[in-house]
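Residue numbers (the working numbering): 4 to 256.
Backbone N, C-alpha and C fix where the C-beta goes; we use that ideal spot for every residue, glycine too.
One structure is given below, encoded as structure tokens.
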Ligand code: NDP
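Structure representation (structure tokens):
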């Protein structure tokens, strides 16, 4: 029987790269996002044409809203009969980049709600299901190099990704007895809508040597890393961070 994965924020950007790669690797893929199903209809049709046989489905679910998260797992189980993996990918940057000294509580709450509270309680729900059903599932959190690299123009984002790093470690500890590994993938600078607003800045920084590998990351780079983890290729490495950043974090003199 095909295994089933839930990818949050799978409709575009990095999430779409993850969905595509997992479909290639024969997973059944449930994905969610904020947008109405009608907005995803074309994308869904295109995926269904390329990967026939009831392999992919979309749910509208704002992960920051408890009432929208409720019932998501049950809907996936009703549709596919099982769930074997969770990829917490959905995430946002601040709507406005503001200096740390000007950061607002509203922006902090928004970013923390989507990037931390959402994945925390979605993971809690699915981790309970794994434990109760005896499913040896896998959990992957998409963090960011911003967990350790300080950007004072988006402090709330950095704080949220530092929290995702601890979320990974906490669930790795708690779920070890159930045989459920938990990982964090830490992307660097990846082509997506999120980085669209700073494209020229990163073009320049990459040309100046920001990354050891002189190119932008692509969503499929992250998709390949997720697929490796879900295949079980790093089965003895729960709680670990996998950097997918072109060597950006290697310190140099
Ligand atoms: P995009 O802005 O391109 O896409 C964001 C995705 O998340 C969309 O599918 C969006 O759904 C979904 N999403 C946003 N808010 C919510 C919500 N409240 N509930 C459900 N889904 C939501 O971003 P990226 O693809 O670049 O980012 C994906 C992840 O990777 C994020 O966690 C980000 O922090 C992380 N990351 C990105 C990097 C980069 O360079 N791009 C670098 C490091 C980390 P919808 O289409 O419905 O709005």
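>> I'd like the span of the beta strand (DSSP E) that includes residue 181, first residue to last.
In response: Note, residue 181: premise wrong, no beta strand (DSSP E); not H, not E.
> Which value, in whole angstroms, describes the spacing of the CA atoms of residue 274 and residue 146?
Replying inline: There is no way to answer for residue 274, as the model of the chain reaches only from 4 to 256.
> Nearest CA to the CA of residue 119: which residue from 48, 161 and 199?
Replying inline: 161
> Between the segment 131 to 151 and the segment 198 to 208, do at least 3 Cβ pairs fall closer than 8 Å?
Replying inline: Contact between the segment 131 to 151 and the segment 198 to 208 is absent, because fewer than three Cβ pairs lie under 8 Å.
>> Let's see if you can read the secondary structure: which residues bound the alpha helix (DSSP H) around residue 3?
In response: This structure leaves residue 3 out entirely; the chain is present only between 4 and 256.
> Between which two residues does the alpha helix (DSSP H) carrying residue 229 extend?
Replying inline: 222 to 234
> Who does residue 32 pair with in a DSSP beta bridge?
Replying inline: Under DSSP, residue 32 takes part in a beta bridge, and its partners are 8 and 59.
> If you draw a straight line from the alpha carbon of residue 191 to that of residue 148, how long is it in whole angstroms?
Replying inline: 6 Å
> Going along the chain, which residues of its own chain have a beta-carbon closer than 8 Å to the beta-carbon of residue 170, five neighbours each way excluded?
Replying inline: Within the same chain, residue 170 has close Cβ partners 119, 122, 123, 126 and 144.
> What are the boundary residues of the alpha helix (DSSP H) that includes residue 217?
Replying inline: Run containing residue 217: none; DSSP gives neither H nor E here.
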